[in-house]
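A quick write-up on the structure given underneath.
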């Protein structure tokens, strides 16, 4: 984050960061995300908006792993993903659970501010593979209360995923 | 749920249930919810919309337990609560974690439909104390993928909390 040098300490000023959405991302034990999506449709009438599969899955995997599926439920978007299976990990979560995806136009500034407040950044900021979390750039944070946040660029700005596959 | 007799089985028809919101409810190890709220304000610029304290807390508790606080973050409402402490349990969660509050105008029908799809209802439908989850009536469900959902009446219809305290 050398391009975002911010002094942390008394009177430090941070860039104003605005967020455009919080989306709960439910990470399900692989490869059950597809079943979970069917369940949420049947149980709650959730509507599937999109589904992206993990591009690196092994050819011999019978069930494709879901990188990220967007479901619309009660006017809110929730995300469903298969959790870590083997090396083809769609989401680097510790285990199944709920991650909070927080969309912003400035991932670096948001991560910097949150870390200054006490969050712990994991792995720096990565280019998510198409559809990972909200797509685009992702900074993963663990907050002091045990919750994981994916600070990510907004879904509309899915940049560079084509470049990544080149 | 005697007033909502629905046949579960082939060709069973369920009432159409509509949901008005999904709100992630972050349950924090008591009594740290207040600290967590301060953190989310500092880290993410969250705005506190409301905070309700647990009415049954013991007089000798120095830190009031938070039953439910609403934070606005990225145009989305998230809820913060203190988790189980002692008998004065604001949220009957197994532990700290993320619960998904799903607001609807028909809690009974929503619970019935979800249970028919495979969710497990816990404790029947209860009258939440003012501010619990989304307020009003609450049916707690565990889904087959390990997530807990609070099916609750919409925040605007906080009925009967005065009656409950009579």
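Chains as they are written, first to last, in my numbering: chain P, 1 to 166; chain Y, 1001 to 1166. Note that CB positions come from ideal geometry on N, CA and C, so glycine has one too.
Selected residue, minimal CA-CA separation from residue i, among the options
i               : options                         : result
residue 1029(Y) : 1075(Y), 1149(Y) and 1082(Y)    : 1082(Y)
residue 38(P)   : 14(P), 54(P) and 70(P)          : 70(P)
residue 148(P)  : 21(P), 34(P), 102(P) and 54(P)  : 102(P)
residue 20(P)   : 40(P), 105(P), 68(P) and 36(P)  : 105(P)
residue 126(P)  : 41(P), 35(P), 152(P) and 36(P)  : 152(P)
residue 1119(Y) : 31(P), 36(P) and 107(P)         : 36(P)
residue 84(P)   : 41(P), 123(P), 145(P) and 33(P) : 33(P)
residue 1014(Y) : 1146(Y), 1064(Y) and 1116(Y)    : 1116(Y)
residue 1065(Y) : 1040(Y), 1041(Y) and 1031(Y)    : 1031(Y)
Cβ-based burial, residue i [other Cβ within 10 Å; buried from 16]
i               : result
residue 1052(Y) : buried
residue 18(P)   : exposed
residue 16(P)   : exposed
residue 74(P)   : buried
residue 1062(Y) : exposed
residue 1091(Y) : Any reading at residue 1091(Y) needs caution, since the residue's pLDDT is 45, under 50, leaving its predicted position unreliable; the model's value is listed next. With 16 or more Cβ atoms within 10 Å of its Cβ, residue 1091(Y) is classed as buried.
residue 87(P)   : Residue placement at residue 87(P) cannot be trusted, given a pLDDT of 47 that sits under 50; what the coordinates show is reported in the next sentence. That one is exposed.
residue 150(P)  : buried
Start and end residues, beta strand (DSSP E) containing residue i
i               : result
residue 76(P)   : 76 to 82
residue 1019(Y) : 1019 to 1028
residue 1124(Y) : 1120 to 1127
residue 1069(Y) : 1066 to 1073
residue 1139(Y) : 1137 to 1142
residue 62(P)   : First-last for residue 62(P): undefined, no H or E at that position.
residue 183(P)  : Chain P is shown from 1 up to 166; residue 183(P) falls before or after that span and cannot be answered.
residue 1146(Y) : Where residue 1146(Y) is concerned, there is no enclosing beta strand (DSSP E), given that its DSSP letter is neither H nor E.
The alpha helix (DSSP H) enclosing residue i, as first and last residue numbers
i               : result
residue 1107(Y) : 1107 to 1117
residue 36(P)   : 33 to 44
Beta-carbon spacing of residue i, residue j below 7 Å
i               : j               : result
residue 141(P)  : residue 109(P)  : no
residue 1043(Y) : residue 114(P)  : yes
residue 136(P)  : residue 111(P)  : no
residue 1072(Y) : residue 1054(Y) : no
- Please determine if the segment 1094 to 1107 of chain Y and the segment 1034 to 1053 of chain Y are in contact, where contact requires at least 3 C-beta pairs separated by less than 8 Å. No, the segment 1094 to 1107 of chain Y is not in contact with the segment 1034 to 1053 of chain Y.
- Message: Assess contact between the segment 1069 to 1078 of chain Y and the segment 1021 to 1028 of chain Y, defined as three or more Cβ pairs (one per stretch) separated by less than 8 Å. Is contact present?
- Response: yes
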